[in-house]
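Scroll down for the structure; my scribbles are underneath it.
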Amino acid sequence: MVYGDLEILRNNLKKLIGGNHHPNIVNNRLILSKRPTFQLLYQELDSIIQTLSSIHEDYELEKVTSLKKRLKDVAEEAQDTIDLFLSALHFRYGRLFRSAVRISFFYLFLLALLFRFSILTCIFVVVVTSMELFLFAAIIHFRSRLSLYGSNVLKSSLDFEKVLKSIESIKVELMTINIANMKMDSSSRVSHVKSQSVAAGTSYTRNPLRIKKPSEDIVVGLDHDAEIIRDKLTEDTKQLCVISIVGMGGLGKTTLATKLFNDPFIKYHFHISAWATVSQTYIKRDFLIQILTSIGVQEDREDTSDSQLRGKLHQKLMGRRYLIVIDDLWSIEAWDELKLFFPHDNTASRILLTTRLNKVALHVKPHGFAHSLPCLTEEECWELLKQKVFHGDECPEWSIEPGKKIAKKCHGLPLSVVVMAGVLATTDKDFWENIACSVGSPMISNQEGCMEILSLSYHHLPHHLRECFLYIGGFPEDSMINIKKVICLWVAEGFIEESRNQSLEVTAKAYLMDLIDKNLVTVAERTFTGDVKACKLHDLVRELCIQKAKEEEFFLKLDAPPLPSQLLEVMTPYNQRRVFIDRDFDAADFARTPTPHMRSLLCFHELYSFIGKVEKFSFLLLLRVLDLRKWKIGNFPDVLVLESLVHLRYLAISTSHFPSEICNLWSLETLIVKIDHLNVVYLPSDISNLVNLRHLWSNKELILPAIGKSMNLQSISRVRLGDGVDNIEKCFPNIKKLEYTLAAGEKRHFEHLRHLENLKLRLAGIQRWRSNDKHRESLLNRIWFPASLKKLTLEQCGLPWSDMSMIQALPNLEVLKLKYYAFQGCQWDACEQEFRQLKFLTLAGLNIRQWKAYSASFPCLRRLALWDCDNLEGVPLEIGDISTLELIETNSSIASAVTESVKIILKEQRDDGNTLLKIFVDGMELSEHEDSESE
């Protein structure tokens, strides 16, 4: 895990060179004198990262691993030195210094009044005494925390000669390895991969040609899947079709393909059936030989060229109905080459492929059929376990209860069931019961074969995805993981590579989608637009993450309550830098445990007795990530608590007020503040000092005061401009997501926000006047929207429906949500309006009675949601004629006319042959039987 540490160090050096820290820091005389050294170190890191990237991923020799570990240690040491020195400078020149000055003048005034000393005497006594005492005490305070590093950082000269020499030495050795690596030919590299895989005991142990030999085996839970794919393979379509089976490793893709390949009806239906395994190390010649051998063609392989093999295969397949199974396809590039081998001669031939990657399946046939393989049920797991252990014989009575518990712990993964069956086959009753009573982790640790398959997926990941993947493993088991949070954490940790063409958040989202596409991360929830909202990890995958994290000293997971002595034992050996806590915890444990190297602390367990203990975290000077959102802190007790954590990039807290000390955390990128009791939070006037802040979220309304400079925010929740602030563009020039509260009569020019894509508007005080016509005003004629807007939510704005014309004109609007008195009036006539790009429309809590619209009004509409519009007399029947419409949702508490109209729409569409449109009432799909009963 060296790349993330190098990227963090390089980015921080870039800030010191370019000046993106607090002015009291970057303009310091010592730092200015060291900028040439920073520049040289930055260039060396660039060079070594390029050298690392050029070494083939399969070339993981022990020497390379050792060098990476050395480089990681050097990068961490250099970063610690820089950050500790910056902390000391901030302490000396920052708020505490100003506090000392204020205290000095207070004493000066007090002494002058009480003793009538001369002003010069007071100045001499107070300034010399109080300043020296205060700063001396403060320096001692910091030195006590920094002494563990064995250096006096306040007098440090930032001497990086040792670091530069170490990096140069590592760089020379890596370049030597890289030269040797480039001399490896493809055959030796493939041989190396095979030998590594075989040595590791993975499923790669095939014959030299990697020809799959299908055989009858015990199969449970695949009958329904087999029936679906069998119908697709034999349907009456003359064109060559591709059917994909998609799923994570070990889920049974190859087993299902084998079952179909050996199906008597399939064998009868196709004239020729052939099987080839591609795997990760795809070689075209191997593939051709596998296919030809599978159909009984023996060739002199030494003297036959690739083109001759291809010609022979084409000759054998031409004019015949063939089935080709391509097992374990890993890349788009491999498919683009393989597809050229198969003739398209309208013989109803089929290609069945298995892959772990959704993007491969979609690329193979963008509009074709891809079958995602589900996990087994608990009953199916138990049935498979019984058959594998007892081979069809009756299972003993004593094995049923523990056997079902064990089957449940396999979490629906067929491979884990098969591996566990191998463990249980020669054991006795006591062993079964011990396994059944054990927790998940010990049980899974016995499934070496299963974990090795999962490890293969992990080691196949690019280096930039490995840290991101392992990081998700630190979250609680079975938790729904919000992707916005994950993305912000990845950015704060430094896992995301910078790109000139897109933001860090966009790049991080692409990383997440890669992990989802590789079936290592599962989609748990989607947004209204179909984007991923939350994800989760399969338990076995999470165990893999924790196992690898421990091996690579990536993070420490505390989900059991060790004694303080045990905490010391588990944390000190590796200088733990990331700690995930999911248990009852006392912050004082860290004060008793030497953990000065810690960079990230995420706490997932709710704790209500934390008031007065948060000051313990001032000990952790190097923290970048601190998530205490589930801990009830109360009031922050001391300025030093937050003042010392100047390297924080991600801060999430639950407190009774907004601590003004936060505004001194110059590195902060994401700030999440959950406020108790208060309804409105007034942000400090120096909030704009957070020049790196990109995301500011709170559960309460935020009042923004007049600020001295623009903020770099990309998203902010529930904000309202305070008195004297009237230029939102000046405040947030780069904002992309904005939740804004309008005051009655307020004009607002949003059209100048060129990057704004997501806007939510709410009118303050709507309850006081929404029923009074004389106070109801049109707001949209005083509000202008940017053309960049893709999603608009209006709530409690009380607008007349005539103002809809301005919204309708937005060229990129895809999502429109109208909620709770967003519009006032009985009729919305949309017949003359055209929402060109609108895909999703929600009407909720409106007092509308009549809605008129044609299908041409919403040419791209895919989803319509109607909630609690009690007076609505029905949905326009023309809505059903929209060719893109997929779903209408409503609830039964709405007017019965709405339910009747959607039933009529469904019947008309079914009569016209439209089987794609679905209608849900109270979350239940409306069936054709139900709509026929409504006639």
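In full-length UniProt numbering, the protein residues as written are 1 to 935. Heads up, the beta-carbon is just placed ideally off N, CA and C, and yes, glycines get one too.
| query | Within the chosen definition, does the region 330-348 reach the region 254-265 through at least 3 CB pairs nearer than 8 Å? | reply | Taking 8 Å as the limit for Cβ pairs, the verdict is that the region 254-265 does not touch the region 330-348.
| said: Tell me the residue span of the beta strand (DSSP E) that contains aspartate 327. | reply: The sequence position of residue 327 within the sequence shown is 327, counting from 1. Start and end: 322-329.
| field | Selection from Thr522, Glu498, Ile435 that minimises the alpha carbon distance to isoleucine 472 | value | The residue given as residue 472 occupies position 472 in the sequence shown. That would be Thr522, whose Cα lies nearest to the Cα of isoleucine 472.
| field | Distance between beta carbons of phenylalanine 287 and leucine 317, contact taken as under 8 Å | value | On the sequence shown, position 317 is the one that residue 317 refers to. On the sequence shown, position 287 is the one that residue 287 refers to. In fact, because the Cβ distance is near 14 Å, the residues do not count as touching under 8 Å.
| request: Could you pull out every unbroken alpha helix (DSSP H) segment of at least 4 residues lying fully inside the region 833-914, listed in chain order? | output: 896-911
| alpha helix (DSSP H) segments (min. 4 residues) lying fully within the region 780-809 | 804-808
| query | By DSSP, does phenylalanine 134 sit in helix, in strand, or in coil? | reply | Within the sequence shown, the letter at position 134 stands for residue 134. Confidence at phenylalanine 134 is low in this model, with a pLDDT of 44, below 50, so its placement is unreliable and the value that follows should be read with caution. Three-state DSSP puts phenylalanine 134 in a helix.
| message | Starting from asparagine 358, trace the alpha helix (DSSP H) in both directions and tell me its first and last residue. | response | Your numbering for residue 358 matches position 358 in the sequence shown. Counting along the chain, the alpha helix (DSSP H) containing asparagine 358 begins and ends at 358-364.
| task | Since I believe glycine 494 is in contact with glutamate 7 (beta carbons under 8 Å), could you give me their beta-carbon distance rounded to a whole number of angstroms? | result | For the purposes of this step, residue 7 is taken as residue 7 along the sequence shown, with counting starting at 1. For the purposes of this step, residue 494 is taken as residue 494 along the sequence shown, with counting starting at 1. About 5 Å separates the Cβ atoms of glutamate 7 and glycine 494, confirming a contact at the 8 Å cut-off.
| Beta carbon of leucine 702: closer than 6 Å to some heavy atom of the ligand HEM? | For the structure depicted, the ligand HEM is absent and the ligand set is empty, with no information on it obtainable.
| message | Cutting at 6 Å between CB atoms, please list the residues of its own chain near serine 349, excluding the five before and the five after it. | response | Within the sequence shown, residue 349 is the residue found at index 349, counting from 1. These residues qualify, in order along the chain: Leu240, Arg321, Tyr322.
| message | What ranges does the alpha helix (DSSP H) occupy inside the UniProt domain "Disease resistance protein winged helix" (475-544), keeping only unbroken runs of at least 4 residues that lie completely in it? | response | 483-493, 504-517
| field | Closest by C-alpha distance to phenylalanine 469, when choosing among Val486, Leu601, Glu477 | value | As a working note, residue 469 is residue 469 in the sequence shown. Closest by alpha carbon: Val486.
| message | If I measure Cβ to Cβ from arginine 649 and keep anything under 6 Å in the same chain, skipping five residues before and after, which residues do I get? | response | Taking the first residue of the sequence shown as 1, we reach residue 649 at position 649. Closer than 6 Å at the Cβ level, and outside the excluded window around arginine 649, lie Ala492, Arg624, Ser667, Glu669.
| field | Beta-carbon spacing of leucine 671, leucine 642 below 7 Å | value | Numbered from 1 along the sequence shown, position 671 holds the residue referred to as residue 671. Numbered from 1 along the sequence shown, position 642 holds the residue referred to as residue 642. No.
| How big is the Cα-Cα spacing for asparagine 664 and leucine 917? | Residue numbering aside, residue 664 sits at position 664 when the sequence shown is read from its first letter. Residue numbering aside, residue 917 sits at position 917 when the sequence shown is read from its first letter. About 55 Å.
| message | To the nearest angstrom, how far is the alpha carbon of lysine 253 from that of leucine 233? | response | Indexing the sequence shown from 1 puts residue 253 at position 253. Indexing the sequence shown from 1 puts residue 233 at position 233. Cα to Cα, the separation comes out at about 16 Å.
| field | Closest by C-alpha distance to valine 163, when choosing among Glu834, Leu628, Arg70 | value | Within the sequence shown, the letter at position 163 stands for residue 163. Here the closest residue by C-alpha is Arg70.
| task | Sort out for me which residues DSSP pairs alanine 822 with in a bridge. | result | As a first step, residue 822 must be located in the sequence shown, where it is residue number 822. Answer is none; alanine 822 lacks a bridge partner.
| Secondary structure at threonine 237, three-state DSSP: helix, strand or coil? | Position 237 of the sequence shown, counting from 1, holds the residue named residue 237. It is coil, neither helix nor strand.
| query | How many Å lie between glutamate 433 and aspartate 627 at the Cα? | reply | What you label residue 433 is simply residue 433 of the sequence shown in a count that begins at 1. What you label residue 627 is simply residue 627 of the sequence shown in a count that begins at 1. About 40 Å.
| field | Sufficient close CB pairs (3 or more, under 8 Å) joining the region 382-399 to the region 353-362 | value | Because the criterion of three Cβ pairs below 8 Å is not met, the region 382-399 and the region 353-362 do not touch.
| message | Our contact map puts glutamate 173 next to leucine 67 with C-beta atoms below 8 Å; I'd like the distance itself, whole angstroms only. | response | Walking along the sequence shown from the start, residue 173 turns up at place 173. Walking along the sequence shown from the start, residue 67 turns up at place 67. Their Cβ separation, rounded to whole angstroms, is 6 Å, which keeps glutamate 173 and leucine 67 in contact under 8 Å.
| query | Using the C-alpha atoms, what's the distance from tyrosine 740 back to methionine 806? | reply | For this step, residue 806 is matched to residue 806 along the sequence shown. For this step, residue 740 is matched to residue 740 along the sequence shown. If you draw a straight line from the Cα of methionine 806 to the Cα of tyrosine 740, it is about 19 Å long.
| query | Do leucine 678 and leucine 702 come within 7 Å of each other at the CB atom, strictly closer than that value? | reply | Taking the first residue of the sequence shown as 1, we reach residue 702 at position 702. Taking the first residue of the sequence shown as 1, we reach residue 678 at position 678. For leucine 702 and leucine 678, no; Cβs fall outside 7 Å.
| query | What first and last residue would you give for the alpha helix (DSSP H) that runs through alanine 348? | reply | Within the sequence shown, the letter at position 348 stands for residue 348. Where alanine 348 is concerned, there is no enclosing alpha helix (DSSP H), given that its DSSP letter is neither H nor E.
| said: Helix, strand or coil, according to DSSP, for phenylalanine 369 in the structure here? | reply: Residue mapping note: residue 369 aligns to position 369 of the sequence shown, counting from 1. Three-state DSSP puts phenylalanine 369 in a strand.
| field | Residues of its chain near lysine 839, where Cβ-Cβ distance is below 6 Å and the 5 sequence neighbours each way are ignored | value | As a first step, residue 839 is located in the sequence shown; it is residue number 839 there, counting from the start. Excluding its 5 nearest sequence neighbours in each direction, lysine 839 has C-beta neighbours in its own chain below 6 Å: Glu814, Cys860, Arg862, listed in chain order.
| field | Host alpha helix (DSSP H) of glutamate 380 (start-end) | value | Stepping through the sequence shown from its first residue, residue 380 is reached at position 380. Counting along the chain, the alpha helix (DSSP H) containing glutamate 380 begins and ends at 378-390.
| said: With distance defined between alpha-carbon atoms, name the residue in His344, Ile888, Lys404, His371 nearest to threonine 354. | reply: Within the sequence shown, the letter at position 354 stands for residue 354. When only C-alpha atoms are compared, the closest one is His371.
| Nearest-angstrom Cβ-Cβ length linking cysteine 869 and isoleucine 882, presumed shorter than 8 Å | Counting from 1 along the sequence shown, the entry for residue 869 is found at position 869. Counting from 1 along the sequence shown, the entry for residue 882 is found at position 882. Contact doesn't hold; Cβ gap of about 19 Å is too wide.
| query | Is alanine 652 helix, strand or coil when you go by DSSP? | reply | As a first step, residue 652 must be located in the sequence shown, where it is residue number 652. Here alanine 652 sits in strand by DSSP.
| Going by beta carbon distance, what residues of the same chain come within less than 6 Å of aspartate 517, once the five residues before and after it are set aside? | Residue mapping note: residue 517 aligns to position 517 of the sequence shown, counting from 1. Excluding sequence neighbours, aspartate 517 sits near Leu357, Asn358, Lys359.
| query | When the Cα atoms are used, what is the spatial distance from serine 855 to glycine 880? | reply | The sequence position of residue 855 within the sequence shown is 855, counting from 1. The sequence position of residue 880 within the sequence shown is 880, counting from 1. Roughly 7 Å separates the two Cα atoms.
| request: From the DSSP output, in three-state form, read off phenylalanine 920 for me. | output: One-based indexing of the sequence shown puts residue 920 at position 920. Phenylalanine 920 sits in a strand when the DSSP states are folded into three classes.
| message | So, for tryptophan 801: in the same chain, excluding its five sequence neighbours on each side, which residues have a beta-carbon less than 6 Å away from its beta-carbon? | response | On the sequence shown, position 801 is the one that residue 801 refers to. Same-chain partners within the cutoff: Phe823, Gly825, Trp828.
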